[in-house]
Amino acid sequence: MQDQRAGPAKSKEKKRAKLTTVIIKAVPLTTKELRQKKSELRVERRRVKMGGDERAVAAPLLQQQQDGGGGDGERRRRRWWWGWWDGEEAAGQLAFAAPMVATSMAYYAIPLVSVMYAGRLGELELAGATLGNSWGTVTGIALMPWLNIRGVLAAKGLQKDKLDTGLSGSLETLCGQGYGAKMYHMMGVYLQASIITSAFFSVLVSLLWFYSEPVLIFLRQDPEVTRTATLFLRYSIPAQFAYGFIQCTLRFLQTQSVVTPLVVFALLPLVLHFGITHAFVHYLGFGYAGAGMSTSVSLWLSFLMLAAYVCLSERFKHTWEGFSTEAFRHVLPGLKLAIPSAVMVCFEYWAFEVLVLVAGLMPNSHMSTSIIAMCENTEAISYMITYGFAAAISTRVSNELGAGNVAKAKKALAVTLVLSLLLGVAFLLLLGLGHDLWAGLFSKSDAVISEFASMTPLLIGSVVLDSTQGVLSGVSRGCGWQHLAAWTNLVAFYIVGLPLSILFGFKLGLQTKGLWLGQICGLLLQNAVLLFITLRTKWERLELTMNGKEDGFVC
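In terms of numbering that gives the first Met the number 0, the sequence shown is residues 0 to 554.
Dropping the structure here:
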């Protein structure tokens, strides 16, 4: 009797196995064939039920059809597309990036307005203000934001038997991950620590600015222009402190996705700056010195607006709880990543500045220097727009990692890379179609405009590469990989890029094209390494939320 019962049971199992096989094989077929197979399935289902097997119902088999074979392939196709593009994510990043671009351009324009007013006083004043602004940008403005804003770290250990690791990361990394992990009270501490660090390094930069004259003369600058530039820098020293504090506050707000007020507190001081500069230069009798003073006044005005907004707004009652001495404990450990944060950007920035100096060693130095300077300014303007996307991806990645959402962090990265490539294509079209018009804004010389036109293909290539590396650098800040990015930039620009620029420009006789081609090689290597690091990272290991009963922290 048992054998007789076993026989029908085995037969029914074979029927179900056969049905399952039919379903799995049917899915990859065409729509018409799939319908036919489904019809056969219904017939087979009725036949099985008529045989008394109530367990062989259609629901589990249809679930197998949805989850197996071709259904899985369909999901894989959806996952691939979903991973590289998401309309809602893209719209959110564009809404975030646009205000950041406007904010950065406004702060970039404030010292330029001062240079413009100084230039109207005479050629010597124009040369001095231009040299002073350039030297100040290289040694302070470009250095301090990345050193202190992204370089404010905190270290807080848990019980040794639980975790013998401290927390280290930049303010952008820490506040972004802390906000995602809902560690709101620590964000105000990180902000205060960043301002302390910024003030310390601003003192060092101020000493350099005050005694810039012997340094610039050592670099073979004109003595009279050097004295004028040093005067401009000395009156701009307060602006250095204000700019560092502004950038710290911007990152504090940025990591909380507060961006619209940033535009207001940047554009309003810019508008007022025209009147302030005009008054200091012409009405108050300060003349050339008033140009540097006005920059300091306008930037401090902007910082005070931001500080009042943070202290008085109810929106930040959880992230800003007032001043705390705890911030001092998070300053010194922060220097471990503060310096790599600065070096990461400054290595690249200084490489382009060195390229201008190298161009001055060529036979036709006036032409070569002008062309390289025009290319550098074009690259800088394009990077400001890319910076908005870099800020967006840094915030998105750090927030999602702080909340433990690795998949969303990956998706945000993929969407930003697509947006950056589209941005590069837009620059390609603009430069390709309007290079003569753009060059005409810098020079009226037909020779310069013609030479710039011949450089346009190389410039387009560097702009596209710079747009993608800006996003990848933003990811590195969001994940706390500043030290890896710093080493990458060192190798890419100083061991590969600049030597190749000298080789192509001088030995191979390619002149300015060779100089820029070497930098493109450096950008290619930089993009390749950063992309490799990003793709090879085990993102699951970057889940940064601590769920214990102790005070959580980001590691």
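All C-beta atoms in this analysis are idealised placements derived from N, C-alpha and C, irrespective of residue type, glycine included.
Just so it is clear, the structure is predicted and the values come from calculations on it, not from any experiment.
According to the Cβ coordinates, are residue 266 and residue 105 closer than 8 Å? As a first step, residue 266 is located in the sequence shown; it is residue number 267 there, counting from the start. As a first step, residue 105 is located in the sequence shown; it is residue number 106 there, counting from the start. Yes; because the gap between Cβ atoms is below 8 Å, this pair is in contact.
Applying the criterion that 16 or more other CB atoms from any shown protein chain within 10 Å of the CB defines a buried residue, is residue 375 buried or exposed? Translated into positions along the sequence shown, residue 375 becomes position 376. When all chains shown are included, residue 375 counts as buried.
The stretch 188-206 in contact with the stretch 242-250 per 3-pair CB rule at 8 Å: yes
Report back the beta-carbon spacing between residue 390 and residue 253 to the nearest angstrom; my notes put them in contact at under 8 Å. Looking up residue 390 in the sequence shown gives position 391. Looking up residue 253 in the sequence shown gives position 254. Between residue 253 and residue 390 the Cβ distance is about 6 Å, and since that is below 8 Å, they are a contact.
For residue 245, report the span of its alpha helix (DSSP H) as first-last. In the sequence shown, the residue the question calls residue 245 occupies position 246. First-last of the alpha helix (DSSP H) with residue 245: 236-253.
In chain order, what residues of the same chain lie with their CB nearer than 7 Å to the CB of residue 487, ignoring the 5 residues before and after it? Numbered from 1 along the sequence shown, position 488 holds the residue referred to as residue 487. Excluding residues within five positions, the ones whose Cβ falls inside 7 Å are 525, 528 and 529.
Assign residue 119 to one of three DSSP states: helix, strand, or coil. Along the sequence shown, one-based indexing puts residue 119 at 120. Coil, per DSSP.
Could you check where the alpha helix (DSSP H) with residue 435 kicks off and where it finishes? Locating residue 435 in the sequence shown gives position 436, where the first residue counts as 1. Under the DSSP assignment, residue 435 falls in the alpha helix (DSSP H) whose first and last residues are 405-439.
Distance CB(residue 555)-CB(residue 465) smaller than 8 Å: The question about residue 555 has no answer here: the residues shown for the chain are numbered 0 through 554.
Rounded C-alpha distance that separates residue 555 from residue 485: Because the chain here runs from 0 to 554, residue 555 falls outside it and cannot be looked at.
If I measure Cβ to Cβ from residue 280 and keep anything under 8 Å in the same chain, skipping five residues before and after, which residues do I get? Locating residue 280 in the sequence shown gives position 281, where the first residue counts as 1. Correct list, in chain order: 116, 117, 120, 286, 287, 289, 290 and 293.
Compare the C-alpha of residue 331 against each of 446, 192, 368 and 421 and name the closest. Taking the sequence shown and counting its residues from 1, the one referred to as residue 331 is at position 332. For the residues 446, 192, 368 and 421, the minimum Cα distance to residue 331 belongs to 192.
Quick one: is residue 535 buried, meaning 16 or more other Cβ sit within 10 Å of its Cβ, or exposed? Position 536 of the sequence shown, counted from the first residue, corresponds to residue 535. Exposed.
Closer than 7 Å: residue 518 CB and nearest the ligand GTP heavy atom: Absence of the ligand GTP from the depicted structure is noted, as is the absence of any ligand whatsoever, leaving it without description.
Mark residue 140 as exposed unless 16 or more other C-beta atoms lie within 10 angstroms of its C-beta, in which case mark it buried. Looking up residue 140 in the sequence shown gives position 141. So residue 140 ends up on the buried side.
Element boundaries [alpha helix (DSSP H), containing residue 212]: Here the question's residue 212 lines up with position 213 in the sequence shown. Residues 211-217.
What's the gap between the Cα of residue 130 and the Cα of residue 231? Here residue 130 refers to the residue found at position 131 of the sequence shown. Here residue 231 refers to the residue found at position 232 of the sequence shown. The straight-line gap from Cα to Cα measures roughly 9 Å.
Does DSSP put residue 320 in a helix, in a strand, or in coil? As a first step, residue 320 must be located in the sequence shown, where it is residue number 321. The answer is coil: DSSP assigns residue 320 none of H, G, I, E or B.
Taking the straight line between their C-alpha atoms, what separation do you get for residue 56 and residue 412? Here residue 56 refers to the residue found at position 57 when the sequence shown is read from its first residue. Here residue 412 refers to the residue found at position 413 when the sequence shown is read from its first residue. With a pLDDT of 37 at residue 56, under the threshold of 50, the modelled position of this residue cannot be trusted; read the value that follows with caution. Rounded to whole angstroms, residue 56 to residue 412 spans 44 Å at the Cα level.
For the structure I just gave you, are there three or more beta carbon pairs, one from the stretch 354-361 and one from the stretch 442-451, closer than 8 Å? no
Rounded to the nearest angstrom, how far is the Cβ of residue 427 from that of residue 463, given a contact under 8 Å? Against the sequence shown, residue 427 aligns to sequence position 428. Against the sequence shown, residue 463 aligns to sequence position 464. That pair is a contact at about 7 Å.
Local Cβ density within 10 Å of residue 395, reported as buried at 16 or more and exposed below that: Indexing the sequence shown from 1 puts residue 395 at position 396. The residue is buried, with at least 16 neighbouring Cβ atoms inside 10 Å.
Three or more beta-carbon pairs under 8 Å between the stretch 98-112 and the stretch 203-220, yes or no? no
State the Cα-Cα distance for the pair residue 296 and residue 124, rounded to the nearest angstrom. Within the sequence shown, residue 296 is the residue found at index 297, counting from 1. Within the sequence shown, residue 124 is the residue found at index 125, counting from 1. Those two C-alpha atoms are separated by around 20 Å.
For the alpha helix (DSSP H) containing residue 273, list its first residue and its last residue. Counted from its first residue, the sequence shown places residue 273 at position 274. 259-277 is the extent of the alpha helix (DSSP H) around residue 273.
Beta-carbon gap between residue 518 and residue 300 smaller than 8 Å: Numbered from its first residue, the sequence shown carries residue 518 at position 519. Numbered from its first residue, the sequence shown carries residue 300 at position 301. Contact: no.
Delimiting residues of the alpha helix (DSSP H) encompassing residue 535: As a working note, residue 535 is residue 536 in the sequence shown. 510-535 is the extent of the alpha helix (DSSP H) around residue 535.
Would residue 434 be called buried (16 or more neighbouring beta carbons within 10 Å of its own) or exposed? In the sequence shown, counting from the first residue as 1, residue 434 sits at position 435. By the 10 Å Cβ count, residue 434 comes out buried.
May I ask which residues mark the beginning and end of the alpha helix (DSSP H) holding residue 296? Here residue 296 refers to the residue found at position 297 when the sequence shown is read from its first residue. Residues 287-311.
List in chain order: all unbroken alpha helix (DSSP H) runs of 4+ residues lying wholly within the stretch 454-499. For the stretch 454-499, whole alpha helix (DSSP H) runs of length 4 or above, ordered along the chain, are 481-489.
Spatial neighbours of residue 451 within its chain, please: C-beta separation below 7 Å, excluding the five flanking residues on both sides. Here residue 451 refers to the residue found at position 452 when the sequence shown is read from its first residue. Closer than 7 Å at Cβ, skipping near neighbours: 370, 373, 434 and 438.
Express the C-alpha separation of residue 491 and residue 307 in angstroms, rounding to a whole number. By 1-based counting over the sequence shown, the position of residue 307 is 308. By 1-based counting over the sequence shown, the position of residue 491 is 492. About 42 Å.
What distance in whole Å lies between the Cβ atoms of residue 516 and residue 509, which are believed to be in contact at a cut-off of 8 Å? Reading the sequence shown from its first residue, position 510 is the one you call residue 509. Reading the sequence shown from its first residue, position 517 is the one you call residue 516. About 7 Å; that satisfies the 8 Å criterion.
Just the C-alpha distance for residue 531 and residue 475, rounded to the nearest angstrom, thanks. As a first step, residue 531 is located in the sequence shown; it is residue number 532 there, counting from the start. As a first step, residue 475 is located in the sequence shown; it is residue number 476 there, counting from the start. Going by the C-alpha atoms only, they are around 12 Å apart.
When you compare only the Cα positions, how much space is there between residue 473 and residue 416? Against the sequence shown, residue 473 aligns to sequence position 474. Against the sequence shown, residue 416 aligns to sequence position 417. Taking the straight line from one Cα to the other gives about 11 Å.
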